[in-house]
DNA sequence: ATGGCTGGTAGAACCAGA
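Numbering (this note's numbering), first residue to last: 2 to 264.
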């Protein structure tokens, strides 16, 4: 019997991607799937495919047009709230408690717009404030917790295709990387992706739609993460990035990531 | 060659993503 498998995927519209999500569930067989950018109001969420495949427990936090997150699970879930770390009502977080009392937080950090200056670009200021609110929350956190999702920050040089060319590009600026490190330190969070694929090996989870051939140019970034409380991280036994999903028909620009735990 | 594309929504020479 294998352990518990928890996956996360920025799906860029669940309705446009329902067939490849089904394909991923068949291939990877996660026990829990966390989605970001579902882009659908809760009343229009496509429950049927998930119900048919045994994902009987579903927590939704959607909104019209943009953003939206969800947790789909074969394991019973207890809802344990939604944070508004953007402080503007956007649907960017949903939380669950798993049967073994582990907390699971599914988050979609704002992209932050184009200009990496909070005094000129309100979206960038909101992104930094969002991460600071997550940091305050982390400081007061005692429960074993797994936080997963699209953090929209690629912190390491080997998390981007060109550290030099992306230094002033939102997602890899020093101010974002410093804010993310404060967040990490606030709970001594363990970056599971880098526990299993240590630097300096390159690791990406997102490739732009605009490349003519995404795989040939390979200009990726590692924007999607799974971070665990230290004691919980010690129970992780495998971590995978499903890079090949980027080649599927009508793909998301992000690929799924999955961690398996010994429980 | 960091926007070259994509989705939602309207019915746009739109907006947003990152």
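C-beta atoms are modelled at their ideal positions from N, C-alpha and C, and glycine is treated no differently.
Please read these numbers as outputs of a predicted model, since none were measured by experiment.
- Distances from the CA of residue 129 to each of 4, 244 and 177 were compared; the closest alpha carbon is that of 177.
- With contact defined as three or more Cβ pairs closer than 8 Å, the segment 146-162 and the segment 80-92 are not in contact.
- DSSP, reduced to helix, strand and coil, places residue 113 outside both helices and strands of the structure shown, so it counts as coil.
- Relative to residue 77, the option among 63, 169, 86 and 105 whose CA is nearest is 105.
- C-alpha of residue 30 to C-alpha of residue 6: approximately 8 Å in a straight line.
- Judged by their CB atoms, residue 215 and residue 190 are not nearer to each other than the 7 Å cut-off.
- Between residue 237 and residue 34, the alpha-carbon positions lie close to 16 Å from each other.
- In the structure shown, residue 24 falls within a helical segment according to DSSP collapsed to helix, strand and coil.
- In the three-state DSSP reduction, residue 256 falls in the coil class, being neither helix nor strand.
- Taking C-beta separations shorter than 6 Å and ignoring five residues to either side along the sequence, the partners of residue 173 in its chain run 155, 161 and 167, following chain order.
- Residue pairing by DSSP places residue 35 opposite 9 and 72 in a beta bridge.
- For residue 57, the closest alpha carbon among the candidates 199, 169, 47 and 256 is that of 47.
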